[in-house]
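In what follows, a single structure is set out as structure tokens and then discussed.
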């Protein structure tokens, strides 16, 4: 039996989302079929209008309703600290902490296998920012993954070059967010790399 | 930081889908933000139009583009066998097998905890079908779950009553799909109920 077209189309669209296979896509579609016409239409139009009125902030490249974004315009922030992240989602995560500096969203990581080179990310724009304004600290907050580490390393190399040619002030402090055991985690189940980083990064007790 | 409204709305809508928590919803939303305007609009309108032109077949209550549905109209089917399932998704699953009889979609299972009684399902319509036409076999293919078994049991009880008052012919054979070890499964990891059913349902070897 062939499925009704609109059902098959919806299943196909859901299947294209990351982490959603064809079975989950079918389950979601048939779930929607049990909802009212109005609910389904609302869901559809919400998605269709998702990108309406959204822009990239021309300073930090976060997704925003205004340019510059609210964070870049916020007068209460410490504008001497810049935190480099991969994605807008990372900004949301960090905004739940006490961090009150600025951000720079790279838009991904260097990943040759996916055809993403430094030129596809907002690295040139980051270096420009650092040249134009003397930040005190740059926090590298890319993911603690292979690609995240490589991207951080690439950026730091570029900054070092610019420091040598005096285009970026030498006193810019570059830091990396700590790697270690996640809070609430279980030491015995931690992988050895995490554990090694946790020991390397140990701090004075009290 | 508060998220742009359209992003928050989309995250909220995704979160309402079964099995999708707020983190997955955010991930899906930000994934869509990386897609082209056209792709996002297409996705939205596909969902908005999902229910357009879909009806329930008045015979088998499957979701369909026509009434009666293609299966009920199909001349090549064995119209003497009727298979009772819970959901349209079950029909799709069974259509991948060699089964070539007809279906009756209940639209759920009896589940007092969710406020679903026999009157909320297409049980009366099933009994009507059985009264109006003499099927040779009725296959109970509800899920092998507590609710699925209870629903099957309830329906069979109702049929037995109607057989006694001669409203349904006594030679209607009622069967239940086999419970046992799934193909490719591992005996040592099977739960004891499944294993017990597998032994009860054992068949002659060759």
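Residue numbers (my numbering), protein chains in the order written: chain A, 20 to 225; chain B, 20 to 225.
Quick reminder that beta carbons are idealized off the backbone N, C-alpha and C, glycines included.
Just so it is clear, the structure is predicted and the values come from calculations on it, not from any experiment.
Minimum Cβ-Cβ distance from residue i to chain A less than 7 Å
i	result
residue 56 of chain B	yes
residue 29 of chain B	yes
residue 164 of chain B	no
residue 118 of chain B	no
residue 59 of chain B	yes
residue 112 of chain B	no
residue 182 of chain B	no
residue 98 of chain B	no
residue 92 of chain B	no
residue 108 of chain B	yes
residue 65 of chain B	yes
residue 25 of chain B	yes
residue 49 of chain B	yes
residue 62 of chain B	yes
residue 125 of chain B	no
residue 32 of chain B	yes
is_contact[residue i, chain B] using C-beta, thresh 7 Å
i	result
residue 142 of chain A	no
residue 265 of chain A	Because chain A in this structure spans residues 20 to 225, residue 265 of chain A falls outside the shown range and cannot be described.
residue 207 of chain A	no
residue 122 of chain A	no
residue 70 of chain A	yes
residue 137 of chain A	no
residue 37 of chain A	yes
residue 145 of chain A	no
residue 211 of chain A	no
residue 149 of chain A	no
residue 232 of chain A	Since the first residue of chain A shown is 20 and the last is 225, residue 232 of chain A is not available in this structure.
residue 105 of chain A	no
residue 73 of chain A	yes
residue 84 of chain A	yes
Range of the contiguous beta strand (DSSP E) that encloses residue i
i	result
residue 11 of chain B	Absent from the structure is residue 11 of chain B, since the part of chain B shown begins at 20 and ends at 225.
residue 193 of chain B	192-195
Coarse secondary structure for residue i, derived from DSSP in three states
i	result
residue 174 of chain B	helix
residue 202 of chain A	coil
residue 17 of chain A	What the structure shows of chain A is the stretch from 20 to 225, and residue 17 of chain A is not part of that stretch, so it cannot be assessed.
residue 216 of chain A	helix
residue 128 of chain B	coil
residue 181 of chain A	helix
residue 83 of chain A	strand
residue 208 of chain B	helix
residue 121 of chain A	strand
Opening and closing residue of the alpha helix (DSSP H) in which residue i lies
i	result
residue 43 of chain A	41-52
residue 29 of chain B	24-34
residue 90 of chain B	89-92
residue 115 of chain A	No alpha helix (DSSP H) contains residue 115 of chain A, which DSSP labels as neither H nor E.
residue 63 of chain A	56-67
Proximity test, residue i beta-carbon vs the ligand HEM heavy atom, cut-off 6 Å
i	result
residue 202 of chain B	No copy of the ligand HEM appears in this structure; indeed no ligand is present at all.
Could you say if the segment 85-93 of chain B and the segment 48-64 of chain B meet the contact criterion of at least three C-beta pairs nearer than 8 Å? no
Would you list, in sequence order, the uninterrupted alpha helix (DSSP H) runs of no fewer than 4 residues that lie entirely inside the segment 131-164 of chain A? The alpha helix (DSSP H) runs of length 4 or more contained entirely in the segment 131-164 of chain A are, from start to end of the chain, 142-151.
At least three beta-carbon pairs within less than 8 Å, the segment 138-146 of chain A to the segment 173-186 of chain A: The segment 138-146 of chain A is in contact with the segment 173-186 of chain A.
At least three beta-carbon pairs within less than 8 Å, the segment 161-168 of chain B to the segment 98-106 of chain B: yes
With a cut-off of 8 Å, do at least 3 Cβ pairs link the segment 106-121 of chain A to the segment 41-55 of chain B? yes
Please determine if the segment 218-225 of chain A and the segment 186-193 of chain A are in contact, where contact requires at least 3 C-beta pairs separated by less than 8 Å. A contact is defined here as three or more CB-CB pairs under 8 Å, and the segment 218-225 of chain A fails this definition with respect to the segment 186-193 of chain A.
Looking at C-beta atoms only, is the number of pairs between the segment 116-128 of chain B and the segment 166-179 of chain B that lie closer than 8 Å three or more? yes
Kindly confirm or deny that the segment 64-74 of chain A and the segment 22-41 of chain B touch, where touching means at least three C-beta pairs closer than 8 Å. Note that the segment 64-74 of chain A touches the segment 22-41 of chain B; at least 3 beta-carbon pairs, one per stretch, sit closer than 8 Å.
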